[in-house]
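As structure tokens, the structure follows; a few thoughts come after it.
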Amino acid sequence: MKTTSAVLLLMLSFVPATAVLSAEGEAQHPLAIVVHKDSKIDNLSLEELRNIFLANQQFWPDRSRIILLVRAPKSEERDFVLNTIYQMDEAQFRQYWIAKMFRAEVPRGPKIVFSTDMTRDLVLAIPGSISFINAQEVSGDVRVLRIDGKLPDEDGYPLK
Amino acid sequence: MIGSEGKKAVVFRLEPTTWGGTATNILSPITIRTILATAVCSGLLVSYEGSAQESNAAAIAEISQPQFNFLGFGDISYITRDADDPGGFAVGQAVAQVSASLDDSLSIFGEFSLTANDSSQNAAIERMIVKYSFSDLFKLSAGRYHSPIGYWNSAFHHGAWLQTTVSRPQVYRFGSQIVPIHFAGALIEGTWAKNSLGLSYMAGFGNGRHENISQPGDAGDINGDNAWMVQLSARPAKLYGLNAGLGFYTDKISQDNEPEINEKTTSAYVVWAKESPEILLEYLYSTHDLVNDSSVSGDVNSWYAQFAYRLKGKHRNWKPYARYEYTKVDDSDPLLGDQGLNYEAGILGVRWDFNPHAALKGEYRNEEYDDSGRENNFRVQVSFVLSKL
Numbered sequence: 333m334k335t336t337s338a339v340l341l342l343m344l345s346f347v348p349a350t351a352v353l354s355a356e357g358e359a360q361h362p363l364a365i366v367v368h369k370d371s372k373i374d375n376l377s378l379e380e381l382r383n384i385f386l387a388n389q390q391f392w393p394d395r396s397r398i399i400l401l402v403r404a405p406k407s408e409e410r411d412f413v414l415n416t417i418y419q420m421d422e423a424q425f426r427q428y429w430i431a432k433m434f435r436a437e438v439p440r441g442p443k444i445v446f447s448t449d450m451t452r453d454l455v456l457a458i459p460g461s462i463s464f465i466n467a468q469e470v471s472g473d474v475r476v477l478r479i480d481g482k483l484p485d486e487d488g489y490p491l492k
Numbered sequence: 029m030i031g032s033e034g035k036k037a038v039v040f041r042l043e044p045t046t047w048g049g050t051a052t053n054i055l056s057p058i059t060i061r062t063i064l065a066t067a068v069c070s071g072l073l074v075s076y077e078g079s080a081q082e083s084n085a086a087a088i089a090e091i092s093q094p095q096f097n098f099l100g101f102g103d104i105s106y107i108t109r110d111a112d113d114p115g116g117f118a119v120g121q122a123v124a125q126v127s128a129s130l131d132d133s134l135s136i137f138g139e140f141s142l143t144a145n146d147s148s149q150n151a152a153i154e155r156m157i158v159k160y161s162f163s164d165l166f167k168l169s170a171g172r173y174h175s176p177i178g179y180w181n182s183a184f185h186h187g188a189w190l191q192t193t194v195s196r197p198q199v200y201r202f203g204s205q206i207v208p209i210h211f212a213g214a215l216i217e218g219t220w221a222k223n224s225l226g227l228s229y230m231a232g233f234g235n236g237r238h239e240n241i242s243q244p245g246d247a248g249d250i251n252g253d254n255a256w257m258v259q260l261s262a263r264p265a266k267l268y269g270l271n272a273g274l275g276f277y278t279d280k281i282s283q284d285n286e287p288e289i290n291e292k293t294t295s296a297y298v299v300w301a302k303e304s305p306e307i308l309l310e311y312l313y314s315t316h317d318l319v320n321d322s323s324v325s326g327d328v329n330s331w332y333a334q335f336a337y338r339l340k341g342k343h344r345n346w347k348p349y350a351r352y353e354y355t356k357v358d359d360s361d362p363l364l365g366d367q368g369l370n371y372e373a374g375i376l377g378v379r380w381d382f383n384p385h386a387a388l389k390g391e392y393r394n395e396e397y398d399d400s401g402r403e404n405n406f407r408v409q410v411s412f413v414l415s416k417l
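Quick mapping for you: the protein sequence lines, in order, are chains C and E. Counting in this note's numbering, the first sequence runs from 333 upward without gaps. Counting in this note's numbering, the second sequence runs from 29 upward without gaps.
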């Protein structure tokens with residue numbers, strides 16, 4: 333009985349935070365395109381962004397290699413990017429990159445990341461990297477790019 | 029728009045604010061057990077965060093090291109015909125590809141195949157490329173390539189899983205005498221990444237065909253006259269999915285006890301790469317004339333049109349397709365006129381992607397070789413790719 337009570341108490345102690353999650357977990361936020369904080373890039377057009385994500389553009393203007401970080405399957409961020417930027421489903425995305433590697437156009441596919449924290453850590457550590465995270469989870473140690481001249485919280489931002 | 033993952037993370041990290049104001053002065057047995065249970069959970073979660081940080085550190089370290097990637101392709105077919113040629117099972121090529129980026133600019137690519145013959149397996153180095161990328165606009169490479177002629181030869185080649193159909197168009201078949209499928213040499217290539225037309229170029233020179241014209245001159249150019257090639261292509265940003273290209277290839281061909289022949293090949297293609305629909309149109313025109321007597325000449329005209337459509341919704345793993353292909357070689361062609369290479373075929377089939385990395389295709393084909401009468405055949409193929417993606 334006492335053990336049960338302890339477990340219940342432990343569970344109850346989560347309630348406030350869980351309630352916040354229920355309320356805010358359903359909230360929707362735009363997607364932020366993030367690069368290393370020392371990047372000279374401030375703005376990309378949606379076409380330029382698509383070219384980078386398709387690896388048609390593989391170098392930044394300073395000739396450093398672009399390192400594309402993409403979330404693993406079954407994340408909302410990845411689904412959003414596949415729908416809006418790639419305009420592909422999972423199968424087409426897979427085939428696209430396999431074909432790209434097959435033609436020796438790229439030596440490897442995108443680097444897969446498994447969480448927002450991992451995305452932030454790698455963008456922070458790798459100067460040429462570019463990736464995407466929920467705009468609400470952006471921290472000050474990465475740079476958020478304008479897309480078509482707009483930041484995620486501005487009207488007309490294309491990745492909403 | 030996407031949901032917030034960060035708020036979920038707050039729950040699992042047990043950040044101090046979650047616990048603020050819950051302390052009590054009376055440590056009852058229940059409270060003690062609660063604190064102990066919480067401590068155990070916290071320990072586990074701290075451990076989880078520690079391992080996550082180690083994982084991130086490993087990923088960062090991995091990026092800074094040479095990166096290796098492996099791809100494998102294979103296929104097995106069953107063919108039944110109404111002509112005299114034997115049918116039955118056929119093991120296609122088994123292909124292994126290894127690529128590596130040794131630093132930001134230097135990459136290595138190797139492709140190796142095993143091909144079943146009547147009574148043996150042939151091993152071959154299909155491609156071996158060392159590439160140095162100065163920028164998107166200028167990449168320099170050397171090695172053995174798929175000749176950048178047309179679309180199919182570079183886009184699909186040994187990757188049966190990549191192509192919608194069971195087999196490639198006849199003009200690009202393995203050992204084709206019409207198209208030099210491989211060449212050894214050097215290429216410069218690049219893309220105007222900022223250009224709205226998505227323009228790319230590729231230009232190169234290398235060893236021309238071997239005396240056996242279905243083979244490249246891997247050990248050197250047999251007559252000292254290099255083959256030259258150039259290809260321009262466009263992928264306009266406004267028409268995402270469209271790919272169009274134009275190419276030119278020239279070589280002087282030398283065969284034992286035969287007069288030398290000039291070869292010029294022009295190729296053009298338009299491709300709509302999205303799958304609903306998928307459209308491939310390709311045209312190839314070659315001329316061959318004697319070096320010492322240009323009045324002895326002949327042409328090759330070859331084209332194909334392929335249409336496919338991936339179904340939507342719960343049937344999206346199915347992709348019906350059709351192709352018509354045609355090749356006509358002038359009888360007067362001094363290189364190919366007597367080789368019996370005229371060909372016409374109509375193809376109907378369906379592809380079923382029953383697994384993310386494997387496909388089953390069924391294909392009916394009505395074809396005619398060199399005006400010898402039409403024949404029917406039916407092919408079933410399972411093809412696969414080995415990839416971490």
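We put the beta carbon where it would ideally sit given N, CA and C, even for glycine.
Short CB-CB distance (under 8 Å) between residue i and chain E
{"i": "residue 482 of chain C", "result": "no"}
{"i": "residue 474 of chain C", "result": "no"}
{"i": "residue 385 of chain C", "result": "no"}
{"i": "residue 371 of chain C", "result": "no"}
{"i": "residue 399 of chain C", "result": "yes"}
{"i": "residue 485 of chain C", "result": "no"}
{"i": "residue 439 of chain C", "result": "yes"}
{"i": "residue 364 of chain C", "result": "no"}
Chain-ordered neighbours of residue i on chain C, where CB pairs are closer than 8 Å
{"i": "residue 263 of chain E", "result": "388"}
{"i": "residue 99 of chain E", "result": "430, 433, 434"}
Local conformation of residue i per DSSP, three classes
{"i": "residue 360 of chain E", "result": "coil"}
{"i": "residue 106 of chain E", "result": "strand"}
{"i": "residue 330 of chain E", "result": "strand"}
{"i": "residue 143 of chain E", "result": "strand"}
{"i": "residue 172 of chain E", "result": "strand"}
{"i": "residue 382 of chain C", "result": "helix"}
{"i": "residue 453 of chain C", "result": "helix"}
{"i": "residue 414 of chain C", "result": "helix"}
{"i": "residue 261 of chain E", "result": "strand"}
{"i": "residue 448 of chain C", "result": "helix"}
{"i": "residue 426 of chain C", "result": "helix"}
{"i": "residue 411 of chain E", "result": "strand"}
Residue i burial status per 10 Å Cβ neighbour count (16 or more: buried)
{"i": "residue 464 of chain C", "result": "buried"}
{"i": "residue 184 of chain E", "result": "buried"}
{"i": "residue 310 of chain E", "result": "buried"}
{"i": "residue 367 of chain E", "result": "exposed"}
{"i": "residue 187 of chain E", "result": "buried"}
{"i": "residue 411 of chain E", "result": "buried"}
Residue i at chain C interface by Cβ criterion, 8 Å
{"i": "residue 258 of chain E", "result": "no"}
{"i": "residue 497 of chain E", "result": "Since the first residue shown for chain E is 29 and the last is 417, residue 497 of chain E is missing from the structure and cannot be characterised."}
{"i": "residue 413 of chain E", "result": "yes"}
{"i": "residue 384 of chain E", "result": "yes"}
{"i": "residue 87 of chain E", "result": "yes"}
{"i": "residue 187 of chain E", "result": "yes"}
{"i": "residue 127 of chain E", "result": "yes"}
{"i": "residue 190 of chain E", "result": "yes"}
{"i": "residue 211 of chain E", "result": "no"}
{"i": "residue 268 of chain E", "result": "yes"}
{"i": "residue 388 of chain E", "result": "no"}
Amino acids of chain E, ordered along the chain, whose beta-carbon sits closer than 7 Å to that of residue i
{"i": "residue 443 of chain C", "result": "91"}
{"i": "residue 457 of chain C", "result": "88"}
Contact list for residue i against chain C, beta-carbon separation under 9 Å
{"i": "residue 361 of chain E", "result": "Near residue 361 of chain E there are no residues of chain C at all, since even the closest Cβ is about 31 Å away, more than 9 Å."}
{"i": "residue 121 of chain E", "result": "The contacting residues do not exist; residue 121 of chain E stays about 13 Å from chain C at best."}
{"i": "residue 231 of chain E", "result": "Ordered by position in chain C, no residue passes the 9 Å Cβ test against residue 231 of chain E, which lies about 16 Å from the chain."}
7 Å Cβ cut-off: residues of chain C touching residue i
{"i": "residue 409 of chain E", "result": "Within chain C, no residue comes near residue 409 of chain E; the closest Cβ sits about 17 Å away, beyond 7 Å."}
{"i": "residue 226 of chain E", "result": "388"}
{"i": "residue 460 of chain E", "result": "Any property of residue 460 of chain E remains undetermined from this structure, which presents chain E solely from 29 to 417."}
{"i": "residue 219 of chain E", "result": "388"}
{"i": "residue 118 of chain E", "result": "Result: empty, since nearest Cβ-Cβ is about 22 Å, beyond 7 Å."}
{"i": "residue 426 of chain E", "result": "Limits of chain E in this structure are 29 at one end and 417 at the other, which puts residue 426 of chain E out of reach."}
Within chain E, partners of residue i - CB distance below 8 Å
{"i": "residue 454 of chain C", "result": "84, 87, 88, 91"}
Per-residue contacts from residue i into chain E (C-beta, under 9 Å)
{"i": "residue 404 of chain C", "result": "Those do not exist, as residue 404 of chain C stays about 11 Å from chain E at its closest Cβ, beyond 9 Å."}
Stretch pair the stretch 140 to 157 of chain E + the stretch 226 to 238 of chain E: three plus CB contacts closer than 8 Å: The stretch 140 to 157 of chain E vs the stretch 226 to 238 of chain E: no contact.
For the stretch 361 to 381 of chain E against the stretch 331 to 348 of chain E, do three or more pairs of beta-carbon atoms, one drawn from each stretch, fall closer than 8 Å, so that the two count as touching?
With three or more CB-CB distances shorter than 8 Å, the stretch 361 to 381 of chain E counts as touching the stretch 331 to 348 of chain E.
Check whether the stretch 334 to 342 of chain E touches the stretch 457 to 475 of chain C, counting contact only when three or more Cβ pairs, one atom from each stretch, lie closer than 8 Å.
Counting Cβ pairs under 8 Å, fewer than three are found: no touch.
| task | Would you be able to state if there are at least three C-beta pairs under 8 Å between the stretch 301 to 321 of chain E and the stretch 158 to 169 of chain E? | result | Cβ pair count under 8 Å is below three, so no.
So, does the stretch 241 to 258 of chain E touch the stretch 200 to 212 of chain E, judging by three or more C-beta pairs under 8 Å? Two segments are said to touch when three or more pairs of C-beta atoms, one from each, lie closer than 8 Å; by this definition the stretch 241 to 258 of chain E touches the stretch 200 to 212 of chain E.
Query raised in the report: Counting pairs of beta carbons, one from the stretch 393 to 407 of chain E and one from the stretch 86 to 102 of chain E, are three or more of them closer than 8 Å?
Result: Contact between the stretch 393 to 407 of chain E and the stretch 86 to 102 of chain E is absent: fewer than three C-beta pairs spanning the two stretches fall below 8 Å.
- Task: Report yes or no: do three or more beta-carbon pairs, one from the stretch 402 to 410 of chain C and one from the stretch 432 to 446 of chain C, lie closer than 8 Å?
- Result: The stretch 402 to 410 of chain C vs the stretch 432 to 446 of chain C: in contact.
**Report entry** Three or more C-beta pairs below 8 Å linking the stretch 151 to 160 of chain E and the stretch 124 to 141 of chain E
**Finding:** Of all C-beta pairs linking the stretch 151 to 160 of chain E to the stretch 124 to 141 of chain E, three or more are shorter than 8 Å, placing the two stretches in contact.
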